[in-house]
Amino acid sequence: MTIDSTPLREKKAGSANRNVTEPVLRVEGLEVTYYTDLGRAKALDSVSFTLNSGEKLGMVGESGSGKSTMALAMMRMIKPPGRIEAGKVIVGGTDLMSLTEDEMRKARLNKIAYIPQGAMNSLNPVMRIGEQMSDAIRSHLKGETRQSIDDRLAYALRSVDLDPGVSRMYAHELSGGMKQRVCIAIGILLQPNVIIADEPTSALDVVTQRQVMETITRVQSEINAAVILIGHDMGLMAQAVDKVAVMYAGRLVELSTVREMFTDPKHPYSQALISSLPNLDNKGVFRGIPGLAPSLLRLPKGCAFHPRCPHGQGELQSNVRPEPIILPGGRMVACHLYSEEGHTHE
Amino acid sequence: MTTVSMAAPDNVQQPSNFVLFFRYLRRNKGLAIGALILLALTLFTVIGLFTVNPKHAYPLSAALKQPPSLKYPFGTDFFGRNLLVAMVVGMWQTALIGLLAGGIGTFVGVVLGFTSAYFGGWIDAVIRTVCQILTPIPVLLIQVVVAGSLDKRDVTIFTMAIIVAMLAWMGPTLVVRAQVMTMKERQFVSVAKLSGVSDMGIIFKEILPNLLPFIAASFVGQVFGAVFASFYLAVLGLGPLREPLLGNLIWAAQGQGAFFNGWWWWPLIPAFAMILILGALALVNMGLDELANPRVRRTE
Amino acid sequence: MNVKVIVKRLLFFVLVVWAASTIVFFIPRLSTRNAIRERFGELARSGGFSPGDIEKLIASMNKSFGLDKPLLEQYWQYLQNIIHLDFGYSLSKYPTTVTEVIAQSLPWTIGLLLVTTVLSFVIGTLLGAVSAWPKAPGWLRGIATPFILLTGVPPVIMGILLVFFIGFRLQWLPLGGAYSPGVVPTWSWTFFFDLMEHQILPALSLILGSVGGWVLSMRGMGITIQGEDYVNYAEHKGLSAGRIFRDYYLRNALLPQVTGLALALGTVITSAVVVEGLFGLPGIGTALNLAIRANDFPVIYGIVIFITLAIALLMLILEFVYPLLDPRIRES
Chain R
1 MTIDSTPLRE
11 KKAGSANRNV
21 TEPVLRVEGL
31 EVTYYTDLGR
41 AKALDSVSFT
51 LNSGEKLGMV
61 GESGSGKSTM
71 ALAMMRMIKP
81 PGRIEAGKVI
91 VGGTDLMSLT
101 EDEMRKARLN
111 KIAYIPQGAM
121 NSLNPVMRIG
131 EQMSDAIRSH
141 LKGETRQSID
151 DRLAYALRSV
161 DLDPGVSRMY
171 AHELSGGMKQ
181 RVCIAIGILL
191 QPNVIIADEP
201 TSALDVVTQR
211 QVMETITRVQ
221 SEINAAVILI
231 GHDMGLMAQA
241 VDKVAVMYAG
251 RLVELSTVRE
261 MFTDPKHPYS
271 QALISSLPNL
281 DNKGVFRGIP
291 GLAPSLLRLP
301 KGCAFHPRCP
311 HGQGELQSNV
321 RPEPIILPGG
331 RMVACHLYSE
341 EGHTHE
Chain B
1001 MTTVSMAAPD
1011 NVQQPSNFVL
1021 FFRYLRRNKG
1031 LAIGALILLA
1041 LTLFTVIGLF
1051 TVNPKHAYPL
1061 SAALKQPPSL
1071 KYPFGTDFFG
1081 RNLLVAMVVG
1091 MWQTALIGLL
1101 AGGIGTFVGV
1111 VLGFTSAYFG
1121 GWIDAVIRTV
1131 CQILTPIPVL
1141 LIQVVVAGSL
1151 DKRDVTIFTM
1161 AIIVAMLAWM
1171 GPTLVVRAQV
1181 MTMKERQFVS
1191 VAKLSGVSDM
1201 GIIFKEILPN
1211 LLPFIAASFV
1221 GQVFGAVFAS
1231 FYLAVLGLGP
1241 LREPLLGNLI
1251 WAAQGQGAFF
1261 NGWWWWPLIP
1271 AFAMILILGA
1281 LALVNMGLDE
1291 LANPRVRRTE
Chain Y
2001 MNVKVIVKRL
2011 LFFVLVVWAA
2021 STIVFFIPRL
2031 STRNAIRERF
2041 GELARSGGFS
2051 PGDIEKLIAS
2061 MNKSFGLDKP
2071 LLEQYWQYLQ
2081 NIIHLDFGYS
2091 LSKYPTTVTE
2101 VIAQSLPWTI
2111 GLLLVTTVLS
2121 FVIGTLLGAV
2131 SAWPKAPGWL
2141 RGIATPFILL
2151 TGVPPVIMGI
2161 LLVFFIGFRL
2171 QWLPLGGAYS
2181 PGVVPTWSWT
2191 FFFDLMEHQI
2201 LPALSLILGS
2211 VGGWVLSMRG
2221 MGITIQGEDY
2231 VNYAEHKGLS
2241 AGRIFRDYYL
2251 RNALLPQVTG
2261 LALALGTVIT
2271 SAVVVEGLFG
2281 LPGIGTALNL
2291 AIRANDFPVI
2301 YGIVIFITLA
2311 IALLMLILEF
2321 VYPLLDPRIR
2331 ES
């Protein structure tokens, strides 16, 4: 069943036509700093990338690498002591950073939606599921009739393989997988241009994981949104996304297609990540990455990865921060090893 | 591949504990102010105890019904008590009652709460149920009954402390119990058990240190409650009547119609002192609550 | 709600009342004083009692306290009396029974208590919720502060201060009493206004001190709730601040607050009791005060047990209200 989305599109004045090749999402130079008692922590350092409608981007990295901060920054939900210092997030032609508070509030869920780990605590325990979904609709679309809201709810719930009767239930009556799917349903209610799914499967068992990933893929294709999938399970990423972005210490170190990432990773960190994946064909010793991720309060000078990098002992690596470079084919990598091969990102 | 050591790389320069504590105090102003007031009151009492003649706190030691003046900074009352001296002695006695009753209440609470949580089973069921049943009972009224049943001569500072402590231990028991229950399940206890540490060892070396913030907060709460309760009992005329307890002073003042007769300083000064004491204790209590429960801590 | 839970709650109620009654029964008997004898001595000295009256008094005392019977039998008799709300006769107001004393003074207390408790709770809770909400305007959040500062002040002291400054110095409001001396209670507006005038200071004494308590507990709860994922997610959904405040924040923070109400009932009632004594309002508080001064033990015990009963009953009712607020406890 395809959604009759024409009325909604008409209501969204000025939204980008999804079939044009102009990227629906452009992130430029996003920077986020946390001001703590112990000092300043640079959680995001000049992150830039683009995404087209219908594309799926997987964002991977260790804890503290900045991937969740990325999601929050895009939604302008960074709270003190954190602050968005610079950057643009352009969705469908509008820079979210330039909007007023109220305009940004209206843009959330409408242009850019966030799907949290619903299995935990994201649903209000004292409201029925239906109420939690309809209040989102009511906050964005004035004057919807009771019937039309109910139709939307029923449609959204069916899209995620849930019975519409779920709307009368309370959060504690649902299983983890069901709660996650409710969150996905909420995410697609207003057919946003961009959907960010933050570790949607982390707290679920493998069977439910697969279900949830399939659901995300399916709903995304129905409304042709761009999806950013944040997680740390590379295997899951491999099956679900088109492109992979690797974050390290708040910096975007590589962005390649999924095939390129798994067959020919460029950045030493990505290489280490890929080679650490267990492989049914080659049996051998597990190879981890020596050392620990640096504290964001005291990042190494120059390249953030150089203390742990097999090629990291040079003058250049210790003193100069690698700029993102576009390699032939469109891949991006931020590493001194490739400075001759490509041109810098403009 | 070159080997890189597994040690933590760059060391973040940590400011000393002292500095962190002061930064925290700046945020938790309540705790700072409360502690300051208590400090000031303690100084007043201690200096007072060394400089005044405690006999002047009792009747017929000074001119009657004098308003505040240089000779009698707080004035005197109907019975000829020098109110300044009475305040000093009264505050000392209030502190005694508070600390004594608070200490007893907290101690009993910790022991019971601990036993209940650690050993579980029917011990837990019994202690918990008893606490829950006793909680709705209006403690003050029971204390009134007890105080009223005693021979007037038996009511001293110490008996007051015991009366006040008698029904105050339920709160700390339940709080301590809740905390120990969460800790029991936590991993550092299992690890200790696996390493062969004895039960007593676990109690003292692992659990108690983590309980200290809660015990401290509980203690201050208990002291607050004890001071409050002893004050109420005294105001009702059930305290050790001869002693210059602040509540007693107010009760005596009411009994003599102090306001109608214009001796405003008599009930007002103890009332004001009481506000300071209770207010400071409340602030410190709230501050400690925040310290013990990091979730309540304000972020900058 | 299923039967097992209801039975458990009722059992709890019974146990609480039983525990209170037992404590009140045994405590005076543990002391060395023989209150009744003392009292008789006083009565005999003060005169005005014919020998026949005192004999009747002794007989009724013996009957209701069963002092001539073994302790356990006395106890059993006592419990049975309590179930029928028979607390015996008042010593100082003989032949008025304790129950009558309570019945006469109760209406005054209930009126005061009801109004002050409801007002404190509502104002305190709302202020507390607002003061912890970062998006609320600064001045609104600041209103909570003076109330918090007043928390340490017992209502009695508040009463003294109010009486002094407003009653004595400024003479704006009366110093005490339920209504002006010489006025006859009638169903008229003038009487009603006179009555209200006399209730303001006592009500204020109770409210001003207790609002702070509600503010603090609601604030603490509010801060915790704000950290919850669902509040965060509500913002992600682009809901308006008002909606988030009401449906996600307030509704969840209110739950423990209501439990707090149940637990605070004890303090509320005892504070009211003492404040009444201060202002000379003819409620249960004054009755208790007079009984204490007159060593009128049956009245003292009767009032204490009665109040415990009231508190336990209110807690019981609140237990049934709670599932209506929190769907998580609706099924057993």
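Residue numbers (our numbering), protein chains in the order written: chain R, 1 to 346; chain B, 1001 to 1300; chain Y, 2001 to 2332. All C-beta atoms in this analysis are idealised placements derived from N, C-alpha and C, irrespective of residue type, glycine included. Just so it is clear, the structure is predicted and the values come from calculations on it, not from any experiment.
Residue i and residue j closer than 8 angstroms at C-beta
i	j	result
Y:V2258	Y:L2325	yes
Y:Y2301	B:V1145	yes
B:V1175	B:G1121	no
Y:L2265	Y:M2315	yes
Y:L2112	Y:Q2199	yes
R:S68	R:I228	no
B:W1266	B:A1280	no
Y:E2235	R:M70	no
R:N124	Y:Y2248	yes
Burial state of residue i, where buried means 16 or more other Cβ atoms lie within 10 Å
i	result
R:K56	buried
R:Y35	exposed
R:H172	exposed
B:T1002	With a pLDDT of only 35 at B:T1002, under 50, the local geometry of the prediction cannot be trusted, and the value read off the model is given with reservation. By the 10 Å Cβ count, B:T1002 comes out exposed.
Y:I2143	exposed
R:D45	buried
R:D135	buried
Short CB-CB distance (under 8 angstroms) between residue i and chain Y
i	result
B:S1230	no
B:T1135	yes
R:D161	no
R:P307	no
B:S1195	no
Cβ-based neighbour list, residue i, same chain, cut-off 6 angstroms, excluding 5 preceding and 5 following
i	result
R:K12	Any reading at R:K12 must be qualified, since the residue scores a pLDDT of 42, below 50, and its modelled position is unreliable; the value itself is stated next. So no residue of the chain qualifies.
Y:G2260	S2217
B:V1155	P1240
B:N1285	V1220, G1221, F1224
Y:P2256	M2221
R:T257	K243
Below-8 angstroms beta-carbon distance, residue i vs any chain B residue
i	result
Y:P2146	no
Y:G2266	yes
Y:I2006	no
Y:V2016	yes
Y:R2009	no
Y:L2263	yes
Y:M2218	no
Y:T2125	no
Residue closest to residue i, alpha-carbon to alpha-carbon, out of the options
i	options	result
Y:I2307	Y:E2276, Y:K2237, Y:L2290, Y:G2285	Y:G2285
Y:V2118	Y:I2207, Y:Q2077, Y:E2100, Y:Q2080	Y:I2207
Y:G2238	R:E22, R:S139, R:P116	R:S139
B:F1283	B:V1052, B:V1223, B:G1105, B:D1124	According to the sequence displayed, residue 1283 of chain B carries Leu and not Phe. Checking every option, the nearest Cα to that of B:L1283 belongs to B:V1223.
Y:W2214	Y:A2020, Y:P2134, Y:F2121	Y:F2121
R:M59	R:V160, R:E315, R:P81, R:P200	R:P200
Y:V2275	Y:T2224, Y:A2203, Y:L2263	Y:A2203
Test: residue i CB closer than 8 angstroms to a CB of chain R
i	result
Y:N2252	yes
Y:P2323	no
Y:P2137	no
Y:E2228	yes
Y:S2131	no
Y:D2247	yes
Proximal residues to residue i (C-beta, below 7 angstroms), its chain only, five neighbours per side dropped
i	result
R:P116	S122, C183, D198
B:G1048	V1088
Cut-off 8 angstroms between Cβ atoms - residues of its own chain near residue i, not counting five sequence neighbours on either side
i	result
B:P1288	Here residue 1288 of chain B turns out to be Leu, not Pro, going by the sequence shown. Once the five neighbours on either side are set aside, the close Cβ partners of B:L1288 are L1031, P1213, A1216, A1217, V1220.
Y:V2024	Y2301, V2304, I2305
R:N110	K12, H140, L190, P192
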